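Going from the sequence shown to our numbering is simple: count from 1 and add 150.
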Amino acid sequence: MIDIHSHILPKVDHGSSSLEESLRQLKTADKFGVSSIVCTPHFYPFKESIDRFLSRRDKAFLELSAANNTDIKLYKGAEVRLTTGLGNNKKIRKLTIEDTNYILIEMPFSSWDNMLLNEIVNLQSMGLIVIIAHIERYSPIQVQKLEGLDVLAQINAYSLYSPLQALRIRRYVKKGLINFIASDTHIYNYLYSYRTLKRSRFFLGSTYDKFMANASKIIG
Ligand SMILES: [Fe+2]
151 MIDIHSHILP
161 KVDHGSSSLE
171 ESLRQLKTAD
181 KFGVSSIVCT
191 PHFYPFKESI
201 DRFLSRRDKA
211 FLELSAANNT
221 DIKLYKGAEV
231 RLTTGLGNNK
241 KIRKLTIEDT
251 NYILIEMPFS
261 SWDNMLLNEI
271 VNLQSMGLIV
281 IIAHIERYSP
291 IQVQKLEGLD
301 VLAQINAYSL
311 YSPLQALRIR
321 RYVKKGLINF
331 IASDTHIYNY
341 LYSYRTLKRS
351 RFFLGSTYDK
361 FMANASKIIG
C-alpha cells in the first residue's frame, strides 16, 4: 500500500510536533500494511520561500529516515497551496514528488477565480502533472471548474466515512475524476487515517487497485 499524501515529518507543519509523534504515525502505517509513504508537509507560498521550506523539510526527512524502524520507504514531496503567481517561481519544480513531474496541489477554500485556475495551466505548461489534494472537500460546482484542466485528483480515505464526501467521491469516481487515495495523516487523526486507508480496499474493490497502481507509477 502506497500513501502519497501525509503529514508525518517532525516539526515541519502541524502534522507532527516531535520525532516521537512521527514514529507513532509510521508504526501505525506499518501495522496497517503501508509499504511506502510520500512525506508531503504543507507549503504555503505566502509564508516562506521555497528554499527555506525545503531546508526545513529535508532536515526533518533525514531525522525521520534515520530513526525509521519500520520497512516503510519514505519519499519527499510537499502539499503546495495554489496561489496566484505560484507558477512564476523558478524553483517550483523543487516541490515535486521525489523529483518527478508530479506535484500535489492544495486548492484554497475561497472561491477559485480564473487567475487562480490559470496557475494550474502555468504549472502544466512547465511539464508538471498536477494532482489536486483531497478533491472531495470541494463542492461539485468548484470541481466542475477543474474538469477541463486535465488534472489528476486524490481523495482522503477517511472521507469515505463522511456521508456528504462519500457521496461526492462516488460521483467523482463514476466520472473518472479520481486517480489516487491517500491517508493525509496528521498526529490528531493518524489511527483513523490509516485504518480507513486499509479498509478503503473493501469499499473500492478494483478501483482501489487502480489507485495504488497509479501511485506506484509515481515513485517507480
Ligand atoms: Fe494534507
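Where is the CB? At the ideal position from N, CA and C, for every residue including glycine.
Computed from a predicted structure; not experimentally measured.
(request) Put Tyr121 into one of helix, strand or coil per three-state DSSP. (result) Nothing can be reported for residue 121: it is not among the residues displayed for the chain, which extend from 151 to 370.
(request) Report the residue ranges of all alpha helix (DSSP H) runs contained in full by the stretch 268–347; include only those spanning at least 4 residues, in chain order. (result) 290–296 and 313–324
(message) According to DSSP, simplified to helix, strand and coil, what is Phe193?
(response) Looking up residue 193 in the sequence shown gives position 43. Three-state DSSP puts Phe193 in a strand.
(request) Assign Ile156 to one of three DSSP states: helix, strand, or coil. (result) Here residue 156 refers to the residue found at position 6 when the sequence shown is read from its first residue. Note that residue 156 is Ser in the sequence shown here, rather than Ile. Strand at Ser156.
(message) Please state the DSSP three-state secondary structure of Ile200.
(response) Within the sequence shown, residue 200 is the residue found at index 50, counting from 1. Three-state result, Ile200: helix.
(request) Check Leu354 in the structure and name its three-state DSSP category. (result) By 1-based counting over the sequence shown, the position of residue 354 is 204. DSSP places Leu354 in helix when its eight states are reduced to three.
(message) Distance check for Phe352 and Met265, CA to CA, integer angstroms please.
(response) What you label residue 265 is simply residue 115 of the sequence shown in a count that begins at 1. What you label residue 352 is simply residue 202 of the sequence shown in a count that begins at 1. If I take the Cα positions, the gap works out to 40 angstroms.
(request) Check Lys244 in the structure and name its three-state DSSP category. (result) In the sequence shown, the residue the question calls residue 244 occupies position 94. It is helical.
(message) I want to know whether the stretch 248–260 touches the stretch 283–297 - three or more CB-CB distances under 8 angstroms.
(response) yes
(request) Determine, using beta carbons only, whether Gly237 comes closer than 9 angstroms to chain C. (result) Here chain C cannot be found, since the structure has a single protein chain.
(message) Let's see if you can read the secondary structure: which residues bound the beta strand (DSSP E) around Leu176?
(response) Walking along the sequence shown from the start, residue 176 turns up at place 26. Segment Leu169 to Lys181 is the alpha helix (DSSP H) holding Leu176; no beta strand (DSSP E) there.
(request) Specify, as a first and last residue, the run of the beta strand (DSSP E) that Lys161 falls within. (result) The residue you call residue 161 lines up with position 11 of the sequence shown. Taken as a continuous stretch (DSSP letters only), Lys161 belongs to no beta strand (DSSP E), as it is neither H nor E.
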